[in-house]
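Have a look at the structure below before the remarks.
Protein chains: 2
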Amino acid sequence: MSQKIFLRDDEIPRQWYNLQADMPTPLRSPLGRDGKPIGPEDLASVFPMNLIEQEISTERWIDIPEEVLDAYSLWRPSPLYRATEFERALGCPVKIYYKNEGVSPAGSHKPNTAVAQAYYNKAFGIKRLTTETGAGQWGCALAMACARFGLECKVFMVRISFEQKPFRRLMMGVWGGNCVPSPSQETQAGRNVLARAPDTPGSLGIAISEAIEQAIEDPNTRYALGSVLNHVMLHQTVIGLEARKQMERVNAYPDIIIGCAGGGSNFAGLAFPFVLDKIHGKEIDFIPAEPKACPTLTRAPFAYDHGDEAGMTPLMPMHSLGHKFIPAPIHAGGLRYHGMAPLVSRLAMDGLLRPQSYHQRECYEAGILWARTEGFIPAPETSHAIAAVVAEARKAKEEGKEKTILFNWSGHGLLDLIGYDRFMRGELQDVELSEEELRDCVRCMDSHPRP
Amino acid sequence: MSQKIFLRDDEIPRQWYNLQADMPTPLRSPLGRDGKPIGPEDLASVFPMNLIEQEISTERWIDIPEEVLDAYSLWRPSPLYRATEFERALGCPVKIYYKNEGVSPAGSHKPNTAVAQAYYNKAFGIKRLTTETGAGQWGCALAMACARFGLECKVFMVRISFEQKPFRRLMMGVWGGNCVPSPSQETQAGRNVLARAPDTPGSLGIAISEAIEQAIEDPNTRYALGSVLNHVMLHQTVIGLEARKQMERVNAYPDIIIGCAGGGSNFAGLAFPFVLDKIHGKEIDFIPAEPKACPTLTRAPFAYDHGDEAGMTPLMPMHSLGHKFIPAPIHAGGLRYHGMAPLVSRLAMDGLLRPQSYHQRECYEAGILWARTEGFIPAPETSHAIAAVVAEARKAKEEGKEKTILFNWSGHGLLDLIGYDRFMRGELQDVELSEEELRDCVRCMDSHPRP
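Chains A and B, in that order, are what the protein sequence lines are. When we follow numbering that gives the first Met the number 0, the leftmost residue of the first sequence carries the number 0, and every step to the right adds one. When we follow numbering that gives the first Met the number 0, the leftmost residue of the second sequence carries the number 0, and every step to the right adds one.
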């Protein structure tokens with residue numbers, strides 16, 4: 000039996016789906032420093048206006064530009080597989096389908112929005128993009144996209160990941176990107192952190208501050224974010240739109256939809272095109288899977304918070320561990336973000352999602368079982384989704400129910416082998432945020448307005 | 000314009016093409032130590048009999064077992080692309096098509112034969128496979144295939160590559176394979192080399208000796224080779240068979256077919272299904288691309304030689320730099336083999352191929368241009384094919400001719416980033432075998448019979 004469900008090239012979606020058209024509870028506006036809702040112009044020094052328009056659009060369908068479709072065609076439509084070997088190893092009454100986003104040149108789902116953002120910036124006349132990156136998946140994707148569209152690319156990489164994952168920065172270099180560890184001496188935000196905490200492992204929040212600072216300083220430079228924002232979620236919906244068609248082709252429909260969740264974009268990309276079905280009464284269990292070391296959806300309050308450490312971004316209504324949060328140095332660098340996409344946070348508040356958290360070691364265990372049965376080696380982030388699949392499969396067995404699971408295999412782990420090695424040597428620890436740590440880290444939001 | 004040319008799942012070839020049915024000059028038999036042709040039984044302690052039968056078969060079409068097709072379906076059919084962005088960067092009158100074999104779980108074409116060999120060994124009742132690996136592409140492919148079919152896997156990795164490419168051995172570990180540097184203390188062949196040359200960088204020839212020695216010692220163990228042999232070429236023909244269909248779909252036919260050539264398997268896999276057309280009068284320029292540091296087809300004699308350093312294999316009729324040859328430590332570890340597949344060697348002797356050699360730095364330069372235009376980062380081996388594409392494109396421009404080039408993009412370079420980094424830092428040297436070195440290294444074949 001063949002396990003791969005292809006789409007033809009001409010079946011690639013030609014429009015993104017914008018969940019903002021269908022939100023049960025519409026998003027509240029971001030707030031400025033004065034506590035008042037901000038307008039498009041307030042973001043103009045950070046993002047190009049064509050992307051700001053997408054950020055606030057409530058149009059249901061947004062055309063994908065031809066130039067972006069051309070770039071997508073390098074790896075899209077991505078294959079959907081039935082994981083028959085993994086199913087057999089689990090021995091549970093589940094059918095498991097996965098969408099393989101690891102086939103992109105950067106090895107993850109991130110290029111879906113990277114090429115779109117590079118295209119829109121180029122079209123707006125921008126010459127250079129700055130960004131942050133955790134594990135490096137996003138930095139690689141943006142460097143690749145900038146090479147394709149002829150833009151310069153500067154990446155601030157969370158220091159602990161810069162050290163743990165030296166190869167992703169070399170990848171960025173092959174594509175012509177310039178990657179430095181964050182906090183750096185290149186920005187005021189970086190220097191401030193280094194002055195008070197010279198040994199900090201860094202955080203996505205700090206790296207974002209540095210990237211925004213450099214964008215604001217130069218009129219030819221803008222900032223690109225790899226997750227969290229509405230337009231990023233929008234670009235990622237190509238994943239779920241394709242998956243719907245592929246599932247239909249084999250007459251399957253998911254009972255459970257799973258994605259790992261750091262800032263929320265790969266989860267959203269798969270889940271959003273199915274959300275409307277749930278709103279209309281279909282029973283679907285949406286599970287964003289996150290690390291117990293960074294339990295944003297499972298334990299953090301829904302609040303107004305900054306997206307970055309220095310407080311340069313507007314206040315966004317989202318689940319947040321506080322913008323000063325420094326997560327433990329787990330290997331799933333892409334899941335170590337203090338906040339969560341406002342759209343995903345809002346769905347969770349409305350009871351449409353069932354977030355779950357996992358320890359890093361059970362994720363590696365699931366990832367190794369995956370590699371040995373299905374072949375492809377998952378990224379540690381993706382292994383969080385696989386851990387959720389394992390947990391749900393076992394639950395189905397206990398309850399004696401048959402389930403169809405669809406999950407987003409968000410990226411491969413070929414640049415994350417040090418983590419696998421450390422796990423197999425028994426060197427990894429499980430880290431869980433204590434109640435006291437949680438109280439401490441959310442305190443920085445005390446002065447913010449309540450959403 | 001879309002650049003990817005898919006095949007549907009049901010268009011994956013169900014038979015391999017065996018060029019032995021159509022060779023203009025049939026292969027001579029391998030010879031034993033006594034100088035006499037060997038029979039199937041002489042190989043029975045090294046390979047399972049079902050693969051030995053394939054090795055000597057002259058049937059034109061050989062069915063691909065269902066279990067192998069199932070495994071293939073994880074990444075096959077592989078996409079064929081038109082490299083429009085790279086074409087634009089070159090500005091030459093060429094259409095460039097490439098077959099992307101980097102989409103497999105191990106990241107190269109090697110799994111095409113790895114899953115087949117693991118399947119046939121499993122079917123024959125074997126419990127454990129031993130092998131050699133250069134850059135690690137083959138070791139990874141076999142470890143992945145063994146995990147899938149429930150076999151143990153032991154890999155002897157050329158020491159210089161073991162050190163240059165630490166991550167491919169970690170990959171093998173994720174799949175449950177056991178990888179050690181070669182020469183090792185685990186075998187007599189390894190100990191002999193270490194005694195006389197403790198600082199040797201190793202060679203594929205030495206690693207093969209070690210792997211064969213361990214296979215012969217245990218009746219439940221056999222040896223698997225990632226290139227050179229007829230059955231390996233056979234398994235790789237799925238590449239060219241798919242490519243033919245994909246080229247037909249866009250009404251294209253190649254004037255030039257290019258593949259890098261170490262032992263010959265990725266070149267053969269793409270080229271063999273087109274060879275009959277050339278025999279029947281079609282003008283096709285077949286270019287195996289090899290390193291100037293290891294110029295097997297371009298400068299070495301056609302001779303009877305061993306496949307391994309210790310002389311444990313039969314004598315095979317092939318182009319060879321001599322089984323004692325220790326190549327310079329260039330980064331394209333997969334192209335550092337002293338010999339060449341007998342089938343490829345024979346075609347070259349019959350004037351059907353036009354082998355070319357390239358320096359490592361021009362290959363990296365071509366590889367970086369590729370990554371920045373087409374997105375995917377090529378392995379250093381694959382970059383040799385890209386360097387050949389660049390050379391042929393420029394030649395077409397000089398001659399004012401329009402050409403269609405098809406080449407095998409044999410694998411990605413995500414585990415080879417150290418080499419890219421060293422190239423970009425200006426640390427790499429070009430190495431060319433001198434006439435004197437060539438005379439020295441082929442001397443070890445003086446006592447062998449002439450083919």
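C-beta atoms are modelled at their ideal positions from N, C-alpha and C, and glycine is treated no differently.
CA-CA distance, Leu-6 (chain B) to Leu-193 (chain A), rounds to 54 angstroms. The beta carbon of Leu-228 (chain B) sits closer than 7 angstroms to those of Glu-54, all from its chain and outside the five residues before and after it, given in chain order. At a cut-off of 8 angstroms between C-beta atoms, Phe-123 (chain B) does not count as an interface residue with respect to chain A. Contacts with chain B at 8 angstroms (Cβ-Cβ) include Tyr-419 (chain A).
Contact with chain A is found for Gly-106 (chain B), since one of that chain's Cβ atoms lies less than 8 angstroms from the residue's Cβ. DSSP places Tyr-303 (chain B) inside the beta strand (DSSP E), whose first and last residues are 301-305. The three-state secondary structure of Cys-178 (chain B), taken from DSSP, is strand. At a cut-off of 8 angstroms between C-beta atoms, Gly-239 (chain A) does not count as an interface residue with respect to chain B. Contacts with chain A at 8 angstroms (Cβ-Cβ) do not include Arg-438 (chain B). Interface annotation, Val-173 (chain A): in contact with chain B, CB-CB separation under 8 angstroms. For Gln-235 (chain B), the nearest beta carbon of chain A is not closer than 8 angstroms to its own beta carbon.
The alpha-carbon separation between Thr-132 (chain A) and Ala-299 (chain A) amounts to approximately 22 angstroms. The Cβ of Asp-8 (chain B) sits closer than 8 angstroms to at least one Cβ of chain A. Under the three-state reduction of DSSP output, Phe-161 (chain A) falls in the helix class.
Within chain A, the residues placing a beta-carbon under 7 angstroms from that of Val-102 (chain B) are Val-102, ordered along the chain. For the pair Leu-414 (chain A) and Met-170 (chain B), the Cα-to-Cα distance works out to about 10 angstroms.
Interface annotation for the region 366-395 of chain B against chain A: Ile-367, Ala-370, Arg-371, Gly-374, Phe-375 and Ile-376, criterion Cβ-Cβ distance under 7 angstroms. For Thr-112 (chain B), the uninterrupted alpha helix (DSSP H) segment begins and ends at 110-122.
Around Thr-403 (chain A), the same chain offers Lys-94, Ala-251, Pro-253 and Asp-254 as residues with beta carbons nearer than 6 angstroms, after the five sequence neighbours per side are excluded.
Close CB contacts of Glu-58 (chain B) within its chain, under the 7 angstroms cut and outside five residues either way in sequence, are with Asn-17 and Ala-20 (chain order). Taking 4 residues as the minimum length, the alpha helix (DSSP H) runs contained wholly in the region 227-301 of chain A are 229-248, 264-278 and 295-298, in order along the chain. Ser-226 (chain B) is not a Cβ neighbour of Glu-209 (chain B), given a cutoff of 8 angstroms. Shown here for Gln-213 (chain B): same chain residues with a beta carbon closer than 7 angstroms to its own, the five before and five after excluded, namely Thr-129, Lys-153, Thr-186 and Thr-220 in chain order. Taken in chain order, the whole alpha helix (DSSP H) runs of length 4 or more contained in the region 342-399 of chain B are 359-373 and 379-398. The Cβ of Arg-221 (chain B) sits no closer than 8 angstroms to any Cβ of chain A. Ala-188 (chain B) places its beta carbon 8 angstroms or farther from that of Ala-144 (chain B). Asn-191 (chain A) carries a helical assignment under DSSP once its states are collapsed to helix, strand and coil. Excluding five sequence positions before and after Pro-47 (chain B), the CB atoms of its chain that fall closer than 7 angstroms to its own CB belong to Tyr-119, Asn-120, Phe-123, Ile-125 and Arg-221, given in chain order.
Straight-line measurement puts the Cα of Gly-263 (chain B) at about 20 angstroms from the Cα of Asp-276 (chain B). Exclusion of the five residues before and after Glu-308 (chain A) leaves Ala-188, Val-192, Ser-202, Gly-204, Ile-205, Ile-207, Ser-208, His-322 and Lys-323 as the residues of its chain whose Cβ lies within less than 8 angstroms of its Cβ. Close CB contacts of Arg-442 (chain B) within its chain, under the 8 angstroms cut and outside five residues either way in sequence, are with Gly-321 (chain order). DSSP links Pro-328 (chain B) through a beta bridge to no other residue. When C-beta atoms of the region 419-438 of chain A are compared with those of the region 31-41 of chain B, fewer than three pairs fall below 8 angstroms, so the two segments do not count as touching. Residues of the region 72-90 of chain B with a C-beta less than 9 angstroms from any C-beta of chain A: Ser-72, Leu-73, Trp-74, Arg-75, Pro-76, Pro-78, Tyr-80, Thr-83 and Glu-84, listed in chain order. Per DSSP, reduced to three states, the secondary structure at Ser-208 (chain B) is helical. Neighbours of Met-311 (chain B) in chain A, taken as residues at a C-beta separation under 8 angstroms, are lacking, since the least C-beta distance is about 31 angstroms.
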